[in-house]
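Below is one structure, written out as structure tokens; comments come after it.
Protein chains: 2
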Amino acid sequence: MNQTYRHSKIVELIEERDFVSIDELVAHFNVTPQTIRRDLNALAKTNCITRHHGGACLGSSTKNITYSERKATNEEAKNNIAKQLVQFIPNDSSLFINIGTTTEAVARALLHHKNLKVVTNNIHVASILSENESCSIIVAGGEVRNNDGGIIGESTIDFISQFQMDFGIIGISGIDEDGSLLDYDYREVRVAKSIIRNSRQVLLAADHTKFGRNAMIRLGNINEAHHLFTDFEPSENIRNLLKANNVQLYIS
Amino acid sequence: MNQTYRHSKIVELIEERDFVSIDELVAHFNVTPQTIRRDLNALAKTNCITRHHGGACLGSSTKNITYSERKATNEEAKNNIAKQLVQFIPNDSSLFINIGTTTEAVARALLHHKNLKVVTNNIHVASILSENESCSIIVAGGEVRNNDGGIIGESTIDFISQFQMDFGIIGISGIDEDGSLLDYDYREVRVAKSIIRNSRQVLLAADHTKFGRNAMIRLGNINEAHHLFTDFEPSENIRNLLKANNVQLYIS
DNA sequence: TTAATCACGAACATAAACGAACAAATAATA
DNA sequence: TATTATTTGTTCGTTTATGTTCGTGATTAA
Chain F
47 MNQTYRHSKI VELIEERDFV SIDELVAHFN VTPQTIRRDL NALAKTNCIT RHHGGACLGS
107 STKNITYSER KATNEEAKNN IAKQLVQFIP NDSSLFINIG TTTEAVARAL LHHKNLKVVT
167 NNIHVASILS ENESCSIIVA GGEVRNNDGG IIGESTIDFI SQFQMDFGII GISGIDEDGS
227 LLDYDYREVR VAKSIIRNSR QVLLAADHTK FGRNAMIRLG NINEAHHLFT DFEPSENIRN
287 LLKANNVQLY IS
Chain D
47 MNQTYRHSKI VELIEERDFV SIDELVAHFN VTPQTIRRDL NALAKTNCIT RHHGGACLGS
107 STKNITYSER KATNEEAKNN IAKQLVQFIP NDSSLFINIG TTTEAVARAL LHHKNLKVVT
167 NNIHVASILS ENESCSIIVA GGEVRNNDGG IIGESTIDFI SQFQMDFGII GISGIDEDGS
227 LLDYDYREVR VAKSIIRNSR QVLLAADHTK FGRNAMIRLG NINEAHHLFT DFEPSENIRN
287 LLKANNVQLY IS
């Protein structure tokens, strides 16, 4: 149990669970805290981890900052939703991932899955997941929408329709009280519809700010989904709708 | 039980379990620690293992350096090259940007240009530039290459050929002494050729490590470019070639 | 805010690992 | 066989990794 071994193991552990405390590492490797501190400091210098009081977490090397600032809204909630969602995705499966900051959190959470086949029209998702070596990513071509990195349009729909995937992961902009799924852009809606049509299981991701929000374009109804991942207990109306349509609800 | 046998056996063992301690090897081969040290040091020099206190583990030297590592090499030089290059790009112009870490630096440097039209087959470039609100980005579709986020293949060439742009920005993998532009992947080369064909002006970006590097596939000749941006004075051969073919040279 | 607690880094001690130099053993060659 | 070259073992002074102690600075609860 020497230094090098410990170092690589520490990086692994951090990648696995985002943060490790010194105490955990002390117990894990059976060395003194001082040694762990030395390890962490060395790793923080060369590697991509960041040192904190009491431990260390993943470094900020991969982030693009300006975008992430905007993304900061509800980031923690999104990460939690994403973490729970990806537990449903087995290795070796195929999935669509559409536009939205929540789906980008999903992409990050999928970095340690193996042998996924991912079709997406979100360049940020593609960019994030391209670091997963075992993952094959197919991205739709066309004009990139500036505000969220989405690729939409007629050709995207044709592109999506070529595939039939195990899972469709859709981040939704708004959910009405009657269970309508809503969005702001009709072209994006058409893409999402196409994804729903070509997925064996539909997984919706929506943090609580999306409920009751008045987006304009109707994408479909919540009963078309199989699973809904969110961070707060939805209203009774919605809960009843979910139950009636046999949509599984996961609150993180 | 001679040296050569031991050497190959050691490499095997390391490949098997990522790390071996000197103690293990001593016990395994029944020789003194000093002998093992000599073995490991010799292997570390020529072969693909890295020496550490107490043992050795798999080395990263033979592996294709990973994307994130490659991105880190020469980052400052690349940024300088990029800064100088983008001074040539006026607002409201149209450009191709191809694969490569240098071109990603260019994308970052273009964040404050206005009203660009960019066609690229590099999702990282697309992801970076999507933060420039005034910029319209068109990305080629297809399978994303994991190691560098590039999209290559027949459909990419067709896609590129649709456009005729003001500038083609090409990060090149190697430049031979005779002025040959070289790359490692023939599919990427075909994309780059297509970009050259469809650009009014060709801008090459290559830091000094690229000169004299032996990539395999010939992309074209340096005389097909109009501008070359680099960070060190190139050899006399190259300089003469540039002068003879009226290629502007910019050293940052 | 203040006090208690904990984490931190610096300094030192110790044991293990290290390389250099040389001796012994083995293999190769004349 | 004798001689040389290569490999391995041995010794020893030096470097490195880890543990220990302690004064300082950060965090948290009162």
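Keeping their order, the protein sequence lines are chains F and D.
Per our numbering, residue 47 is the first one in the first sequence, and the count goes up by one each step.
Per our numbering, residue 47 is the first one in the second sequence, and the count goes up by one each step.
From the three backbone atoms N, C-alpha and C, an ideal C-beta is built for every residue, glycine too.
Source: prediction; values computed, not measured.
For residue i, the first and last residue of its enclosing alpha helix (DSSP H)
| i | result |
| --- | --- |
| asparagine 283 of chain F | 282-290 |
| arginine 243 of chain F | 232-243 |
| valine 190 of chain F | Looking at the DSSP string, valine 190 of chain F is not in any alpha helix (DSSP H); the run it does join, the beta strand (DSSP E), is 188-190. |
| leucine 175 of chain F | 169-175 |
| threonine 148 of chain F | 147-155 |
| isoleucine 56 of chain D | 49-63 |
| alanine 252 of chain D | Careful: alanine 252 of chain D lies outside any alpha helix (DSSP H) and carries neither H nor E. |
| phenylalanine 75 of chain F | 68-75 |
| threonine 92 of chain D | 79-92 |
For residue j and residue i, the rounded distance between their alpha carbons
| i | j | result |
| --- | --- | --- |
| threonine 255 of chain F | threonine 81 of chain F | 45 Å |
| glutamate 150 of chain F | valine 66 of chain D | 39 Å |
| histidine 74 of chain F | histidine 98 of chain D | 21 Å |
| valine 152 of chain D | glutamine 208 of chain D | 23 Å |
| threonine 78 of chain D | glutamate 70 of chain F | 36 Å |
| glutamate 189 of chain D | serine 140 of chain F | 14 Å |
| isoleucine 95 of chain F | asparagine 267 of chain F | 43 Å |
| arginine 116 of chain F | serine 173 of chain D | Confidence in arginine 116 of chain F is poor, its pLDDT being 40 and thus under 50, which makes the residue's placement too unreliable to answer from. |
| alanine 155 of chain F | phenylalanine 142 of chain F | 15 Å |
| aspartate 222 of chain F | leucine 287 of chain F | 12 Å |
| serine 201 of chain D | glutamine 210 of chain F | 21 Å |
| asparagine 110 of chain D | arginine 246 of chain D | Its pLDDT being 36, under 50, asparagine 110 of chain D is placed unreliably in this model, and the value from its coordinates should be taken loosely. About 34 Å. |
| arginine 191 of chain D | isoleucine 197 of chain D | 6 Å |
| arginine 83 of chain F | valine 72 of chain F | 10 Å |
| histidine 273 of chain D | cysteine 181 of chain D | 23 Å |
| asparagine 126 of chain F | alanine 186 of chain F | 28 Å |
| asparagine 168 of chain D | threonine 148 of chain D | 12 Å |
| isoleucine 206 of chain F | lysine 289 of chain F | 30 Å |
| serine 54 of chain D | glutamate 58 of chain F | 28 Å |
| threonine 108 of chain F | glutamate 177 of chain F | Per-residue confidence for threonine 108 of chain F stands at a pLDDT of 35, beneath the threshold of 50, marking its modelled position as unreliable; no derived number is given. |
| glutamate 179 of chain F | leucine 162 of chain F | 10 Å |
| serine 106 of chain F | glutamate 122 of chain D | Reliability of the predicted coordinates at serine 106 of chain F is poor, the pLDDT of 49 falling under 50, and no value is obtained from them. |
| asparagine 76 of chain F | asparagine 48 of chain F | 11 Å |
| threonine 112 of chain D | glycine 199 of chain F | Per-residue confidence for threonine 112 of chain D stands at a pLDDT of 48, beneath the threshold of 50, marking its modelled position as unreliable; no derived number is given. |
| isoleucine 218 of chain F | isoleucine 183 of chain F | 22 Å |
| aspartate 277 of chain D | threonine 166 of chain D | 24 Å |
| aspartate 138 of chain D | leucine 250 of chain F | 40 Å |
| leucine 295 of chain D | asparagine 87 of chain D | 44 Å |
| serine 114 of chain F | threonine 50 of chain D | Note that serine 114 of chain F scores a pLDDT of 40, beneath 50, so its modelled location is shaky and nothing firm can be said. |
Within 8 Å, strictly: CB atoms of residue i and residue j
| i | j | result |
| --- | --- | --- |
| leucine 157 of chain D | valine 164 of chain D | no |
| isoleucine 60 of chain D | alanine 102 of chain D | yes |
| valine 293 of chain D | asparagine 269 of chain D | yes |
| threonine 132 of chain F | histidine 170 of chain F | The displayed chain sequence assigns valine, not threonine, to residue 132 of chain F. No; because the gap between Cβ atoms is not below 8 Å, this pair is not in contact. |
| aspartate 204 of chain D | isoleucine 145 of chain D | no |
| isoleucine 56 of chain D | leucine 89 of chain D | yes |
| aspartate 253 of chain F | lysine 91 of chain F | no |
| glutamine 130 of chain F | phenylalanine 275 of chain F | yes |
| arginine 52 of chain F | aspartate 85 of chain F | yes |
| glutamate 279 of chain D | isoleucine 297 of chain D | yes |
Expected contact under 8 Å - CB spacing of residue i and residue j to nearest Å
| i | j | result |
| --- | --- | --- |
| isoleucine 284 of chain D | glycine 225 of chain D | 7 Å |
| valine 248 of chain F | alanine 271 of chain F | 5 Å |
| isoleucine 68 of chain F | glycine 100 of chain F | 6 Å |
Terminal residues of the beta strand (DSSP E) in which residue i lies
| i | result |
| --- | --- |
| isoleucine 297 of chain F | 294-297 |
| phenylalanine 275 of chain F | 273-276 |
| arginine 264 of chain D | 263-267 |
| arginine 97 of chain F | 95-98 |
| phenylalanine 209 of chain F | From DSSP, phenylalanine 209 of chain F is part of no beta strand (DSSP E); its letter is neither H nor E. |
| lysine 163 of chain D | 163-166 |
| isoleucine 143 of chain D | 140-143 |
| serine 226 of chain F | 226-229 |
| isoleucine 184 of chain D | 182-185 |
| glycine 101 of chain F | 101-104 |
Flag this pair as touching only if the stretch 227-236 of chain F and the stretch 250-266 of chain F have three or more C-beta atom pairs under 8 Å; answer yes or no.
yes
Could you say if the stretch 203-223 of chain D and the stretch 241-254 of chain D meet the contact criterion of at least three C-beta pairs nearer than 8 Å?
yes
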